[in-house]
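Chemist:
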Amino acid sequence: MDEVIKIVNDIKAGNIKPIYFLMGEEPYYIDKLSEYIEQNVLAEEEKGFNQTVLYGRDVSVEDIVSTAKRYPMMADRQVVIVKEAQELSRTIDKIEAYVNNPMESTVLVFCYKYKTLDKRKKVTKLLAQNGIVYESKKLYENQVGDWIKRVLAGKKYTIDPKANAMLVEFLGTDLSKINNELEKLQIILPQGTMITPQHIEENIGFSKDYNVFELRKAIGERNQLKAYKIAENFAHNPKEYPLVMTTGLVFGFFVQLLKYHGLKDKNPKNVASVLGVNPFFLKEYDLAVKNYPMRKVSQIVGALRDIDVKSKGVGANALPQSDLLKEMLYKIFN
1 MDEVIKIVND
11 IKAGNIKPIY
21 FLMGEEPYYI
31 DKLSEYIEQN
41 VLAEEEKGFN
51 QTVLYGRDVS
61 VEDIVSTAKR
71 YPMMADRQVV
81 IVKEAQELSR
91 TIDKIEAYVN
101 NPMESTVLVF
111 CYKYKTLDKR
121 KKVTKLLAQN
131 GIVYESKKLY
141 ENQVGDWIKR
151 VLAGKKYTID
161 PKANAMLVEF
171 LGTDLSKINN
181 ELEKLQIILP
191 QGTMITPQHI
201 EENIGFSKDY
211 NVFELRKAIG
221 ERNQLKAYKI
231 AENFAHNPKE
241 YPLVMTTGLV
251 FGFFVQLLKY
261 HGLKDKNPKN
271 VASVLGVNPF
281 FLKEYDLAVK
291 NYPMRKVSQI
301 VGALRDIDVK
311 SKGVGANALP
321 QSDLLKEMLY
331 KIFN
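Per UniProt numbering, residue 1 is the first one in the sequence shown, and the count goes up by one each step.
#1: I195 bridges to which residues according to DSSP?
#2: Measure the C-alpha to C-alpha separation of N100 and K122 and round it to an integer number of angstroms.
#3: Would V212 and T246 be called neighbours here (beta carbons separated by less than 8 Å)?
#4: Just to confirm the assignment, what range does the alpha helix (DSSP H) spanning L127 have?
#5: Just to confirm, is the Cβ distance from Y210 to I187 under 8 Å?
#6: Would you list the one or two residues that DSSP bridges to G24?
#7: Please state if the CB of T116 and the CB of A23 are separated by a distance shorter than 8 Å.
#8: Would you kindly report the start and end of the unbroken beta strand (DSSP E) that includes K83?
#9: Given a cut-off of 8 Å, decide if L257 and A288 are closer than it, judged by their beta-carbon atoms.
#10: What residues are listed by DSSP as bridge partners for V301?
#11: Tell me, please, whether the CB atom of D10 is closer than 8 Å to any CB atom in chain C?
#12: What are the start and end residues of the alpha helix (DSSP H) that includes T246?
#13: Assuming K17 and G131 form a contact by the criterion Cβ under 8 Å, report the distance between their Cβ atoms to the nearest whole angstrom.
#14: Using a Cβ-Cβ cut-off of 7 Å (strictly less than) and excluding sequence neighbours within five positions of S311, which residues of its own chain qualify?
#15: Tell whether a beta-carbon distance below 8 Å holds between V65 and Y98.
#16: With H, G and I counted as helix, E and B as strand and the rest as coil, what does DSSP make of Y210?
#17: Where does residue 389 sit, in a helix, a strand or coil, going by DSSP?
#18: According to DSSP, is I30 part of a helix, a strand, or is it coil?
#19: Express the C-alpha separation of F254 and R295 in angstroms, rounding to a whole number.
#20: For S89, collect the residues of the same chain with a Cβ closer than 7 Å to its Cβ; drop the 5 residues on either side in sequence, then sort them by chain order.
#21: Straight-line CA distance for I204 to E181?
#22: Whose CA, out of K94, F251, Q143, lies closest to the CA of Q299?
#23: Got a sec, what are the start and stop residues for the beta strand (DSSP E) V289 sits in?
#24: Quick check: what's the CA-CA separation for K264 versus L275?
#25: With a Cβ-Cβ cutoff of 8 Å, do I81 and V59 count as a contact?
#26: For the alpha helix (DSSP H) that V274 lies in, which residues bound it at each end?
#27: Does any heavy atom of the ligand MG sit closer than 7 Å to the C-beta of I200?
#28: To the nearest angstrom, report how far apart F333 and Y285 are at their CA atoms.
#29: Bridge partners of T52, per DSSP?
#30: To the nearest angstrom, how far is it from the Cα of A68 to the Cα of E96?
Quick look at the structure:
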């Protein structure tokens, strides 16, 4: 994120490079940077003649070079944006000659999503010498919560830790999808609002009471009544709560408890780091570790593997989801 801010600040200051090669597994920042360049490098009246958007599936590298070598009309520079540039991965090396001597009056932007160039290649080194090479890396799940907080803080919002965890739980690490949901909330809620689980439930559609997050919490507390009630709700909504996802997340929870049991350094900061969880939720893990000794956790992990296999239709004679959920909880609590 800091690198993105630096690139944007440099453009604002007039330090504009002739080439921006935006690549990597996480498309969110690639889109944001290309959008910023598209909206801000040229004045509105200059864009008609001097801003071109190409698509990798429709053009060749030679077409891109030909466009980039044109001179701007009634402006200091032109902008050429190549979207879906990863479609040119087999021939992208042909850009090397242009990169070695780029047009100073052209801003050429490549949006090379889900892939990266080999950093050892000559073309990559030339791009770094004569332009900007930015790699947008996928965030780990335990980093997404902090990212959400930073994005919201920049818009003058805060978020309750549980609401934050719900977003990560249900949307995973897809930053574009998360940002879309956050923007919906920002339209509805005034600046200065703390986003709560209630806001998430009412405006995004995740139940604050019936979700895998709450099921995991109920299991950790050994609250059988609540766990079975949530499982029953899941059984009635199999599309929204697929069994494979549920067993996977519960399995992950008990693997975390195994790690916790094995830690020598149980300092909260270290525990949160090793388990990859928000320190706010450590009390729940502390309680779960007391409720489930290491031997029991090991047994549960084995039982969950069996349930996972059955959930995929192996050796279970197509048992209904409700039966498998009950079997999962029975093996956990007994």
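By construction, the Cβ of each residue, glycine as well, lies at the ideal position given by its N, Cα and C atoms.
Modeler: Well, looking at it:
#1: Counted from its first residue, the sequence shown places residue 195 at position 195. DSSP lists I159 as partners of I195.
#2: Against the sequence shown, residue 100 aligns to sequence position 100. Against the sequence shown, residue 122 aligns to sequence position 122. Straight-line Cα distance between these residues: approximately 10 Å.
#3: Against the sequence shown, residue 212 aligns to sequence position 212. Against the sequence shown, residue 246 aligns to sequence position 246. Contact: yes.
#4: On the sequence shown, residue 127 is found 127 positions in, with the first residue counted as 1. Counting along the chain, the alpha helix (DSSP H) containing L127 begins and ends at 122-130.
#5: As a position in the sequence shown, residue 210 is number 210, starting the count at 1. As a position in the sequence shown, residue 187 is number 187, starting the count at 1. Not a contact, by the Cβ cut-off of 8 Å.
#6: Residue 24 sits at position 24 when you count from the first residue of the sequence shown. Looking at the DSSP assignment, G24 forms a beta bridge with K113.
#7: On the sequence shown, residue 23 is found 23 positions in, with the first residue counted as 1. On the sequence shown, residue 116 is found 116 positions in, with the first residue counted as 1. Note on identity: in this sequence residue 23 is Met, with Ala being the wrong assignment. Yes, these two residues count as a Cβ contact at 8 Å.
#8: By one-based count along the sequence shown, residue 83 stands at place 83. Taken as a continuous stretch (DSSP letters only), the beta strand (DSSP E) holding K83 covers 78-83.
#9: Within the sequence shown, the letter at position 288 stands for residue 288. Within the sequence shown, the letter at position 257 stands for residue 257. A contact, by the Cβ cut-off of 8 Å.
#10: Start at 1 with the first residue of the sequence shown, and residue 301 comes out as number 301. In the DSSP output, where bridge partners are listed per residue, V301 has none listed.
#11: Absent here is chain C; the protein component of the structure consists of one chain.
#12: Locating residue 246 in the sequence shown gives position 246, where the first residue counts as 1. Residues 243-262.
#13: Indexing the sequence shown from 1 puts residue 17 at position 17. Indexing the sequence shown from 1 puts residue 131 at position 131. The pair is a contact, with the Cβ atoms about 5 Å apart (cut-off 8 Å).
#14: On the sequence shown, residue 311 is found 311 positions in, with the first residue counted as 1. Within the same chain, S311 has close Cβ partners L243, V244, T247, L324.
#15: For the purposes of this step, residue 65 is identified with residue 65 of the sequence shown, where counting begins at 1. For the purposes of this step, residue 98 is identified with residue 98 of the sequence shown, where counting begins at 1. Yes, they are a contact pair.
#16: Residue numbering aside, residue 210 sits at position 210 when the sequence shown is read from its first letter. Y210 falls in the coil class under three-state DSSP.
#17: Past the boundaries of the shown model lies residue 389; the chain is included only from 1 to 334, so the question cannot be answered.
#18: Counting from 1 along the sequence shown, the entry for residue 30 is found at position 30. In the structure shown, I30 sits in a helix (DSSP, three-state: H, G or I).
#19: Position 295 of the sequence shown, counted from the first residue, corresponds to residue 295. Position 254 of the sequence shown, counted from the first residue, corresponds to residue 254. Cα-Cα distance, rounded: 12 Å.
#20: Residue 89 sits at position 89 when you count from the first residue of the sequence shown. Contacts found: K115.
#21: Here residue 204 refers to the residue found at position 204 of the sequence shown. Here residue 181 refers to the residue found at position 181 of the sequence shown. When rounded, the distance between both Cα atoms is 7 Å.
#22: Counting from 1 along the sequence shown, the entry for residue 299 is found at position 299. Answer by Cα proximity: F251.
#23: If you number the sequence shown from 1, residue 289 lands on position 289. Per DSSP, V289 belongs to no beta strand (DSSP E); it is in the alpha helix (DSSP H), 282-291.
#24: The count along the sequence shown starts at 1 and reaches residue 264 at position 264. The count along the sequence shown starts at 1 and reaches residue 275 at position 275. Those two C-alpha atoms are separated by around 13 Å.
#25: As a position in the sequence shown, residue 81 is number 81, starting the count at 1. As a position in the sequence shown, residue 59 is number 59, starting the count at 1. Cβ atoms of I81 and V59: not closer than 8 Å.
#26: Taking the sequence shown and counting its residues from 1, one reaches residue 274 at position 274. Per DSSP, V274 belongs to the alpha helix (DSSP H) from 268-275.
#27: In terms of ligand content, the structure shown is empty, and the ligand MG therefore cannot be addressed.
#28: Here residue 333 refers to the residue found at position 333 when the sequence shown is read from its first residue. Here residue 285 refers to the residue found at position 285 when the sequence shown is read from its first residue. In a straight line, the C-alpha of F333 is about 16 Å away from that of Y285.
#29: Residue 52 sits at position 52 when you count from the first residue of the sequence shown. Beta-bridge pairing links T52 to V80.
#30: Working through the sequence shown from its first residue, we reach residue 68 at position 68. Working through the sequence shown from its first residue, we reach residue 96 at position 96. So the two alpha carbons sit approximately 13 Å from each other.
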